[in-house]
Amino acid sequence: MKFKQLCLIAIACWLPLTTYAEAPLNPAAAPARPKNIVIMIGDGMGPSYTTAYRYYKDNPDTEEIEQTVFDRLLVGMASTYPASVSGYVTDSAAAATALSTGFKSYNGAISVDVNKRPLTTMLERAKQRGLSTGVAVTCQVNHATPAAFLSHDESRKNYDAIAATYINTDADVILGGGQKYFPQPLRDQFSAKGYQVLTDFSQLDAVNQPKVLGLFADVQLPWSLDEPDAHRLSQLTSKSLELLSQNQQGFVLLVEGSQIDWGGHANDIAAAMGEMDEFAHSIEVVEQFVRNHPDTLLVITADHNTGGLSIGANGKYEWHPDVLHKLTGSPETMAEQAIATEQWREPLSASLGFTIDDELYGKFDRARMQGKKALTTAIKQEIDLRSNTGWTTHGHTGVDVQVFAAGPGSELFIGSQDNTDIANKIISLMPKAKTAK
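Sequential numbering from 1102 applies to the sequence shown in my numbering.
The following block contains the structure:
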């Protein structure tokens, strides 16, 4: 008797938990469909990046470690592995293909399957359903992530071919870098199709209606750390929201903090935190838009983790983000400036925020004679040593990434899921496809 009672009690306790866990995935219990959808990708932004960013932003004068936008929007985790032909560790192209189409593919694939057949992208679906579409990124607009949302190609390396296909996407907003991949004849084609083609960031303010192709750098935009007051991604995000929201039927927008990944590949904690800060500002722009437009869904994730960043290293239970706050620019820019002048010791010391003693001067001087790349590496290594930052690779790792969400439908993203699930859930929340009469 007692055994039966215990079983009944256990079942009674378990059922509410089961109901709660399954409810978000139950179509009958799902919230109203959003009118607008913003998906934001922190390229390479593994969990250690958001944790490091929390400590990077912490006010050391308070006992509390303050929350960041990532802490308050966190809802789940996602696996990132590519199609089995590429093993367990994804590249940006395969990950973006999964996030855009809901299907796994091989590393290097731009929204094609393992047999190199095109897969319908999220933005293509949105266009078919009468929604406006856009991308705003800090890399070249034809880089892996935006390309997988706008185009199809068997290789992410076919930059020129991918750029040429954008004329047929009918996307309302394309903002980022990449002038070198859009020669004048291609720009003229965009103009002939009604696009405003911009190459100077100052032109963006005057734009008050789609369509717009903004190419604001030869390749990628400058490091945020070198332009701390520019807030370029935030401005691109804000303008995209302004333009796309003119469509009363709604929109789907991709925003990418592209160079978080580039900082990780370079094992550059300073540049990476600068990019994280600007990505966080951009999230807050969208977060405010969601408050003002409660029919908007915001989903944020990473495509993968880059660099194997560790908060603490060398057997020491320490991490010192204060070292990063003293820097006045990126290590790459510091190296460039030091090579450009013979009197470089004091200016470099001022940029780093610490004294370059004779031993360190000798190390930097030897690196300087080898060129910009060697000096940049030496500067990064010294920053790592003083902040006690660790790295395991210059490539990607296979760890799960975080998922953040707000707005109608955000409950669908609670818990553990695959990156393809993120795409399929977003697609399921779009308006029904129009059927021919």
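Each residue gets a CB set at the ideal place from its N, CA and C atoms; glycine is no exception.
Since this is a predicted model, take the numbers as computed values, not measurements.
Determine contact between the stretch 1478-1493 and the stretch 1163-1177, defined as no fewer than three beta-carbon pairs at a distance below 8 Å. Pairwise C-beta distances place the stretch 1478-1493 out of contact with the stretch 1163-1177, as fewer than three of them are shorter than 8 Å.
DSSP state of Q1503, grouped into three classes? By one-based count along the sequence shown, residue 1503 stands at place 402. Q1503 sits in a strand when the DSSP states are folded into three classes.
If you follow the beta strand (DSSP E) that S1180 is part of, which residue opens it and which one closes it? For the purposes of this step, residue 1180 is taken as residue 79 along the sequence shown, with counting starting at 1. Taken as a continuous stretch (DSSP letters only), the beta strand (DSSP E) holding S1180 covers 1175-1180.
Limits of the unbroken beta strand (DSSP E) element including T1234: Translated into positions along the sequence shown, residue 1234 becomes position 133. Unbroken beta strand (DSSP E) run through T1234: 1233-1241.
Please work out which residues of its chain come closer than 6 Å, Cβ to Cβ, to N1243, disregarding the five sequence neighbours upstream and downstream, and give them in chain order. Indexing the sequence shown from 1 puts residue 1243 at position 142. If we look at N1243 and ignore the five residues flanking it on each side, its Cβ neighbours are Y1260, I1263, A1264, G1279, Y1282.
Of the listed residues T1490, G1177, A1249, nearest to D1423 (C-alpha basis): For the purposes of this step, residue 1423 is taken as residue 322 along the sequence shown, with counting starting at 1. Looking at the Cα atoms, T1490 is the closest of the given residues.
Between which residues of its own chain and K1464 is the CB-CB distance below 7 Å, once the five residues before and five after are set aside? For the purposes of this step, residue 1464 is identified with residue 363 of the sequence shown, where counting begins at 1. Excluding residues within five positions, the ones whose Cβ falls inside 7 Å are A1479.
Beta-carbon within less than 6 Å of L1355's beta-carbon, same chain only, minus the 5 sequence neighbours each way: which residues are those? Here residue 1355 corresponds to residue number 254 of the sequence shown, with the count starting at 1. If the five residues before and after L1355 are omitted, its C-beta is found closer than 6 Å to the C-beta atoms of I1140, V1236, F1250, all from its own chain and listed in chain order.
Ordered along the chain, which non-local residues of its own chain (more than five positions away) have a Cβ less than 8 Å from that of A1451? In the sequence shown, counting from the first residue as 1, residue 1451 sits at position 350. Closer than 8 Å at the Cβ level, and outside the excluded window around A1451, lie T1429.
Extent of the continuous beta strand (DSSP E) to which E1357 belongs: The residue labelled residue 1357 in the question sits at position 256 within the sequence shown. In the DSSP assignment, E1357 falls within the unbroken beta strand (DSSP E) covering 1352-1358.
Among I1440, I1138, H1366, G1413, which has the Cα closest to the Cα of M1146? Within the sequence shown, the letter at position 45 stands for residue 1146. Of the listed residues, the one whose Cα sits closest to M1146 is H1366.
Bridge partners - I1140, DSSP secondary structure assignment: Taking the sequence shown and counting its residues from 1, the one referred to as residue 1140 is at position 39. Answer is L1355, V1400.
Between the CA atoms of L1200 and L1053 - distance to the nearest angstrom: For the chain, the structure presents residues 1102 to 1538; residue 1053 sits outside this window and is missing.
Taking DSSP as the reference, what is the three-state secondary structure of G1147? Here residue 1147 refers to the residue found at position 46 when the sequence shown is read from its first residue. Judged by DSSP in its simplified three-state form, G1147 adopts coil rather than helix or strand.
Alpha carbon to alpha carbon, what distance is there between W1492 and A1468? Your numbering for residue 1468 matches position 367 in the sequence shown. Your numbering for residue 1492 matches position 391 in the sequence shown. Annotation: A1468 to W1492 spans about 21 Å, alpha carbon to alpha carbon.
S1233 beta carbon less than 8 Å from that of L1345: For the purposes of this step, residue 1345 is identified with residue 244 of the sequence shown, where counting begins at 1. For the purposes of this step, residue 1233 is identified with residue 132 of the sequence shown, where counting begins at 1. Cβ distance < 8 Å, so L1345 and S1233 count as in contact.
Under 8 Å: do the stretch 1393-1403 and the stretch 1497-1513 share three or more Cβ pairs, one atom per stretch? Yes: the two stretches touch, three or more of their Cβ pairs being nearer than 8 Å.
DSSP three-state assignment for Q1438, whether helix, strand or coil: Counting from one through the sequence shown, the residue named residue 1438 turns up at place 337. The answer is helix: DSSP assigns Q1438 an H, G or I state.
Close-in-space but distant-in-sequence residues of the same chain around A1534 (CB under 8 Å, 5 per side omitted): One-based indexing of the sequence shown puts residue 1534 at position 433. Contacts found: R1226, Q1229, R1230.
Rounded to whole angstroms, what's the CA-CA distance from L1126 to S1339? Just pull it up for me. Within the sequence shown, residue 1126 is the residue found at index 25, counting from 1. Within the sequence shown, residue 1339 is the residue found at index 238, counting from 1. Bear in mind that a pLDDT of 36 at L1126, under 50, signals an unreliable position, so the model cannot answer this.
Does DSSP put V1320 in a helix, in a strand, or in coil? On the sequence shown, position 219 is the one that residue 1320 refers to. In the structure shown, V1320 sits in coil (DSSP, three-state: anything other than H, G, I, E or B).
Tell me, please, whether the stretch 1318-1328 touches the stretch 1208-1215 by the rule of three or more beta-carbon pairs shorter than 8 Å. No: fewer than three Cβ pairs fall under 8 Å.
Between V1351 and N1137, which are expected to be in contact by the criterion C-beta below 8 Å, what is the C-beta distance as a whole number of angstroms? The sequence position of residue 1351 within the sequence shown is 250, counting from 1. The sequence position of residue 1137 within the sequence shown is 36, counting from 1. The question names Val, yet the displayed sequence has Gly at residue 1351. Contact between G1351 and N1137 is confirmed by a C-beta separation of about 5 Å, below the 8 Å threshold.
Residues bridged to G1416 (per DSSP): Within the sequence shown, the letter at position 315 stands for residue 1416. Residue pairing from DSSP leaves G1416 without any beta-bridge partner.
With C-beta atoms as the reference, is I1361 less than 8 Å away from D1144? By one-based count along the sequence shown, residue 1361 stands at place 260. By one-based count along the sequence shown, residue 1144 stands at place 43. When the beta-carbon positions are compared, I1361 and D1144 come within less than 8 Å of each other.
Can you find at least 3 beta carbon pairs, one from the stretch 1374-1386 and one from the stretch 1445-1459, that sit closer than 8 Å? A contact between stretches requires three or more CB pairs, one per stretch, nearer than 8 Å, and the stretch 1374-1386 fails this requirement with the stretch 1445-1459.
For a test of the three-state rule: what should DSSP assign to L1476, helix, strand or coil? As a first step, residue 1476 must be located in the sequence shown, where it is residue number 375. L1476 falls in the helix class under three-state DSSP.
When the Cα of T1442 is compared with those of Q1336, S1431, H1426, M1470, which residue comes out closest? Residue numbering aside, residue 1442 sits at position 341 when the sequence shown is read from its first letter. It is M1470.
Flag this pair as yes or no: are the beta carbons of G1188 and T1239 separated by less than 8 Å? Within the sequence shown, the letter at position 87 stands for residue 1188. Within the sequence shown, the letter at position 138 stands for residue 1239. Their beta carbons are not under 8 Å apart, which means G1188 does not touch T1239 by this criterion.
Is the beta carbon of Q1310 closer than 8 Å to that of Q1347? For this step, residue 1347 is matched to residue 246 along the sequence shown. For this step, residue 1310 is matched to residue 209 along the sequence shown. With respect to the 8 Å criterion, Q1347 and Q1310 are classified as neighbours on the basis of their beta carbons.
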